[in-house]
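Structure record follows, encoded as structure tokens.
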Amino acid sequence: MKYVVYYDARAAKELAKIDRPFQILIKRRIEQSAENFQSTAANLKPLKGKYDYYRLRVGSYRVVFHKDEGLLIITIVRLGHRKNIYRDFD
């Protein structure tokens, strides 16, 4: 089952700040997860204390997203380098 991907305004700005080659790789991995969620299971991990929030590992970058099973929507919440991504996350 295919999910529809939406980017939060903050996530879109964070993606624009990342170098172009990594942007392409990150977008490719997000689309791959949307096509077949289990195909990227090795790089997915649920966030502790956050229901239906996951992180996707793409090299040294992390993508934090919310998955809605009922509506088949993935909302990208945050994007960034692994050392900064979890700061100010609520």
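Per this note's numbering, the very first residue in the sequence shown carries number 9; after that it's consecutive. Heads up, the beta-carbon is just placed ideally off N, CA and C, and yes, glycines get one too. Because the structure is a prediction, the values reported are computed rather than measured.
When you compare only the Cα positions, how much space is there between residue i and residue j?
i: ASP76; j: ILE82; result: 6 Å
i: SER68; j: HIS89; result: 6 Å
i: GLY57; j: ARG95; result: 15 Å
i: MET9; j: GLN31; result: 25 Å
Among the residues of its own chain, which have a CB less than 6 Å from the CB of residue i, if the five just before and after it don't count?
i: PHE70; result: Phe is not the amino acid found at residue 70; the sequence shown has Arg there. Around ARG70: ARG63, ARG90 and ILE93.
Taking Cβ to Cβ, would you say residue i is nearer than 9 Å to residue j?
i: LEU79; j: ILE34; result: no
i: GLY23; j: TYR14; result: Reading the sequence as shown, one finds Leu at residue 23 and not Gly. In this structure, TYR14 does not lie closer than 9 Å to LEU23 by Cβ.
i: VAL85; j: ALA42; result: no
i: VAL12; j: ARG37; result: no
Give the DSSP-derived three-state secondary structure of residue i in the structure shown.
i: ARG90; result: coil
Report all residues from its chain with a CB closer than 8 Å to the CB of residue i; omit the five preceding and five following residues, and keep chain order.
i: GLN40; result: SER47 and THR48
Inside the stretch 20-73 only - beta strand (DSSP E) runs reaching at least 3 residues: Listed in chain order, they are 52-54 and 61-66.
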